[in-house]
Each structure stands twice: as C-alpha cells, then as structure tokens.
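For reference, the structure discussed in these notes is given below.
There are 2 protein chains.
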Amino acid sequence: MRLLGGIEAGGTKFVCAVGTGPEDLRAELRVPTTAPAETLARALEFFAAASRRDELTALGIASFGPIDPDPESPTFGHVTSTPKPGWAQTDLVGPLAAALGVPVGFDTDVNGAALGEHRWGAARGLDTFVYLTVGTGIGGGAMVGGRLVHGLLHPEMGHLPIARRDDDDFPGVCPFHGSCLEGMASGPAIARRWGESAAELPDDHPAWELEAHYLGLGLASLICILSPQRIILGGGVMARAQLFPLVRQKLRELLNGYVAAPAITEENDRFIVPPGLGRRAGVLGALALAERATGARAEEAASP
Amino acid sequence: MRLLGGIEAGGTKFVCAVGTGPEDLRAELRVPTTAPAETLARALEFFAAASRRDELTALGIASFGPIDPDPESPTFGHVTSTPKPGWAQTDLVGPLAAALGVPVGFDTDVNGAALGEHRWGAARGLDTFVYLTVGTGIGGGAMVGGRLVHGLLHPEMGHLPIARRDDDDFPGVCPFHGSCLEGMASGPAIARRWGESAAELPDDHPAWELEAHYLGLGLASLICILSPQRIILGGGVMARAQLFPLVRQKLRELLNGYVAAPAITEENDRFIVPPGLGRRAGVLGALALAERATGARAEEAASP
C-alpha cells in the first residue's frame, strides 16, 4: 500500500498522519511543539514506523511561519524569523527528507489548508480562492489561477492594515502594527477587549457585530485585490457559526454594490463558507502537499 | 511583415497602435472616446488600413472597466456596468474580431499594462508583481505565479478600504465607498482636498506626505495579500517623481519590519518602481495581449 505522510506543524502542537485522503486517514500522532530536535524526533519516529508497515511515497509539511517555501533558496524548508523560542532558522524539511528518503512538500499551514480544501473540500473545481483562518492568529493562504500564492515570501494576511471603527478605541494586540486585522479580530484580541474568550461569549454579545465588521473589512480587501471565487473561513473563532451570516452581511454593506457579482451582492452564503474539511483542514492540507510532491498532481511551471 | 495591433481603450480616449514591441511601434491613432459605435468604427478603420499594408496577426484590447474577461462567458469582451454614458454592456471584442478576422486578446487596462511591463518593462523575469496606476482613478493589475489575476471578475484595487488618518477629516471622493484608496488618494481626491491639481501642487506641499501615507497603506495591503516581488506605480499622479521616495519610506514605517524581506525593509527602491514603459505602458500592454492571443506566448492552462 502506498501512503502519504503529512505534518500540520503548529506553534503549539504537531499533528502527524499517514493516509491517502479524508476517507482514508490512518495513524495519527499529536505531540506538543517543544524544542525542535525533540519534536522532529517524535515525528520522525512516527513516520519511520509507518514506513515499515507500508510504502511511504512522500511527506507534506504545512508549517507555522514565517517560512522559506522557495525550493531555489538555501534556506528552503526552514522556519525563519519566528519569535517562538528555539525555532527561528529551524530546518524542517532537511532532516525528515534525509531520514525518510522521500520527496517532501513544504508550505505555510494556510497554503497547505488551501490546497487541501482545493483537493477534497470547499474549493474543489475553483482556481482562485482564499483560505483564511481566524484563531490565535489570523493568516491566509490563496490559490490564484490554479497556483498557491508565494511571490516574494508568502502572504501575511493577518497583518492587513484596517481602519479602527469610529466607535472603537481598542488599541489592538499586534506587537508590530497594533490595529492590523490580527490585532483587532484574532481570538486574543477578542479576549483582551471583552475580558472573555471567543468560546465563552454568548451568541448575542455585541462582540460579534464588531468582529464581523473587522472581518468584513479584511474580506473586502481580499476581494479588491484577489477577486476570489470563494473565501473559506476557518479557525477557532469561526467555530462560532453565528458569525458567518454577520460577516456576509457586513461584507455586502462594505462593498456597497461596487463589485457587481451576484455571488457577492446577492446570495453570498456560497461565497463565504466554512472549511469543507472542518478541523482536519490542516493535516489534510499537509497530505495534499505530500501528494503534490509525488509529482502526481504537480502544479505546472510558470509560463506567462 | 506580421504585425500586432493594440487598443488602449480608455474612458477619455482610445489609443490604437500597430507594431511588434516598444522598439517597433508604427502607426498610432488617438481618438476621443465618444459613442461606442463611432469610436469603434474609427478604431476599425485604422486597423483595416494597417492590415492592407501588412499582415495583422492579432489584436489586443486593454480596456477601462468593469469588463468581462472570461472567455467562457456569454458577455466575454464586453464593458459591463460602467457609469460612462452609452458604454454599459458594450461588446468591444465581437465587432473587431468579426471585421478583422484575427484572434483578439482582452483584459483590463491595468492587467494589460502589467503584462506589457512583464514582457518588455520593469517586471521582466518576475512571476508575481502588481501594476498600480494612480491618476483619475486608482486601479491595479497583477500577475501571480506567471498568470494575470482574474478570479471571480477582476481585481478592483482602487476600492481597497483604508483607514482615514486621525489628523484628516476629508470624506473622500468615491461615490461608492467615500474613503477607499481611490476616494482618498486619486488625482480628483488630491484636487478636491487641496484646491489644486496634483500637477500644480509644489514639490514641498504637505499634500505629498499625506498622499504617500495613503498609498503606503494600499501597498501594505497588497504586500500582505499577494506578496509581490515588485510593485510598479504608474499614472498621472505618480508622474510627480518626488512621491516615490516618500511612498517607500511610508511603506517601511507601516510594515514595521514584519515582512522580513530585505527587498522591502532595506533597499526598497527596486521594489517600488515607475513603469519601465513609461506612458506607453497602456498601449504596449494591449500589444502584449495581442501577442498572447496569437498563442506564441500563451499562459499555460491551470493545472493545480
């Protein structure tokens, strides 16, 4: 049996899995993200054991960042300037590729999730869409014309500058920008502002109207720049399902009819959606990166 | 001799040209944008005459918008919901393709300019970059992974929501959004705010510091979402060359070191640049669209 391996490499835990897709996810390992050597050793042990039972054909790593996803770069496969203690300039791909002897696909956690949603979830059949996660941080991955967006580095959608609303004096929690999207609308921003976590606030709390306003501003920016066919909203904060209709309504108000697509102006409940893969979007994204690394579903080389 | 034809279809004038590139631009026609039938008839006459002298192999149209650039759509090739009198739902491609019997490439004026800069100008060798024009309006075209961005419709970068600065009470000139990027930083916004046009204001006027601030916010959003390798700033307002260093400085301040690419944080004078094709970016962009329509330099089909 030929299997794929995937690592959802998060700042608090690593989720490792082997399988071939959402209907066939086999062994899974969850380990806390401690020191790099220890965490990678435990992941390696898991995949080494799996590859004794079955043929492991490729590994995918969808990682917290910032990372270097450029295969041409000397630091390809590294987590780069993260403030997480011990993890700056850590090579994730090198040790695993050497020990397992398989191709390793590597991208941001959110680009991985976007690829997973494209392969098996809410973005099947689309070629231009965004996956945005709203949780401890805010981050986004995107596919444009069938390719994951990288460019100079990779997107940092959480750090979009946004306008503080006139009736709001919260300074924001981002240490770099204060009131960027993550600073105003992430889980920690909600908790700091209201004194209660996003999981605890009641459905009818005014927090949600304001949260929807700021997310609406972020989505309006995404639409003006990328013109996505769909926006997938995941992450812990979006587990509060009552946010979806509020965000859709705010977005309509903010765009004010300018982007004249019925998908946005009329029935936008298929335009702003939760992940099709739910909470498994991360690890399945890693599996999709592995599948792509086998070459079976490679992106075409750019040829303008 | 095999030539390409290009139309820079603007809201105030149509610029038509034949040639093969920037070093070989032959006949050129400039006509005011009057009624669609009249304007298209004059363009057609020009290309018909040119094709009696030489073989015209393809035509490119880089058009004001909004447009329908989707070849699968029944309204492909049309200007769609423009407020410009007489031009809403006007088919540009159909009549010209039928009369000239050549393939016609069609895209937004700014995507055309982006393609032209990629082919012959300031974006040669890049695969992910933005062309932003700041003039009567603000609009942007982008290439990502070697492909022009379309998605649901096409980007509308001028309508990015941005934050009004605390010391500013100007309401903005955008009829849809008031203080979006175009509402705050376009040529008409400058003229309305200061009572003098962008062409007349002296170099040391405080207008430029504020203009650079708003453009910096727009560029920060572009960087957070698209991670471009370069941003090209064109249009009449950017003809004021003293704006470039101000915008570069504001951008550094606004990102505050978060996007850790030396291209942005250190020497960003090669990151924020004027068009390599200068004021001919528009018509040469149309020529690049024509060249692509011949199939000689086609974009690859998406294959994720």
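Protein chains in written order, with the working numbering: chain A, 3 to 306; chain W, 3 to 306. Each residue gets a CB set at the ideal place from its N, CA and C atoms; glycine is no exception. Just so it is clear, the structure is predicted and the values come from calculations on it, not from any experiment.
In this structure, the beta-carbon distance from A/I227 to A/V249 does not fall below 8 angstroms. Leaving aside the five residues that flank W/P177 on each side, none in its chain has a CB nearer than 7 angstroms to its CB.
Under the 8 angstroms Cβ criterion, the segment 188-208 of chain W does not count as touching the segment 124-140 of chain A, having fewer than three qualifying pairs.
Below 8 angstroms, enough C-beta pairs join the segment 76-94 of chain A and the segment 37-52 of chain A to call them touching: three or more.
Bridge partners of W/E255 according to DSSP: none are assigned. Take the alpha-carbon of A/A200 and the one of A/G139: they are about 13 angstroms apart.
DSSP places A/E211 inside the alpha helix (DSSP H), whose first and last residues are A209 to L228.
In the structure shown, W/L102 falls within a helical segment according to DSSP collapsed to helix, strand and coil.
For a Cβ distance threshold of 8 angstroms, residue set I225, C226, S229, Y260 and V261 of chain W lies close to A/E158, ordered along the chain. For A/I192, no Cβ of chain W is located within less than 8 angstroms of the residue's own Cβ.
Between W/P190 and W/W196, the alpha-carbon positions lie close to 10 angstroms from each other. With its beta carbon less than 8 angstroms from one in chain W, A/R166 belongs to the interface. Contact residues of the segment 170-181 of chain W toward chain A are F178 and H179 (C-beta to C-beta distance below 7 angstroms). Note on W/M3: under 16 other CB atoms within 10 angstroms of its CB, so exposed under the neighbour-count rule. Judged by DSSP secondary structure, W/A60 falls within the beta strand (DSSP E) whose first and last residues are E57 to S65.
In this structure W/Q231 is buried. Its beta-carbon is surrounded by 16 or more other beta-carbon atoms within 10 angstroms. Straight-line spacing of the CA atoms in A/T22 and A/M186 works out to 38 angstroms. A/I192: member of the alpha helix (DSSP H) spanning G189 to W196, first to last residue.
Taking C-beta atoms under 8 angstroms as the contact rule, A/E158 and W/Y260 qualify, at a distance of about 7 angstroms. Within the segment 61-83 of chain W, those residues whose Cβ lies closer than 9 angstroms to any Cβ of chain A are, in chain order, P68, T82 and S83. Between the segment 141-151 of chain A and the segment 46-53 of chain A, the count of C-beta pairs closer than 8 angstroms stays below three; the two stretches do not touch.
Annotation for W/A165: no beta strand (DSSP E) segment contains it, and DSSP assigns it neither H nor E. For A/D205, there is no enclosing alpha helix (DSSP H), since its DSSP letter is neither H nor E. DSSP lists A/G143 and A/I234 as the beta-bridge partner residues of A/Y133. The C-alpha of A/A29 lies about 13 angstroms from the C-alpha of A/L58. For W/E30, the pairing in a beta bridge is given by DSSP as W/A19.
The C-beta of W/G118 comes no closer than 8 angstroms to any C-beta of chain A.
Annotation for A/V33: K15, F16, C18, T41, R44 and A45 place their beta carbon closer than 8 angstroms to its own, counting only its chain and skipping 5 residues before and after. Around the beta carbon of W/A243, a 10 Å sphere encloses fewer than 16 other beta carbons of the protein chains shown; the residue is thus reported as exposed. Contact of W/A214 with chain A by beta-carbon distance below 8 angstroms is absent, the smallest such distance being about 14 angstroms.
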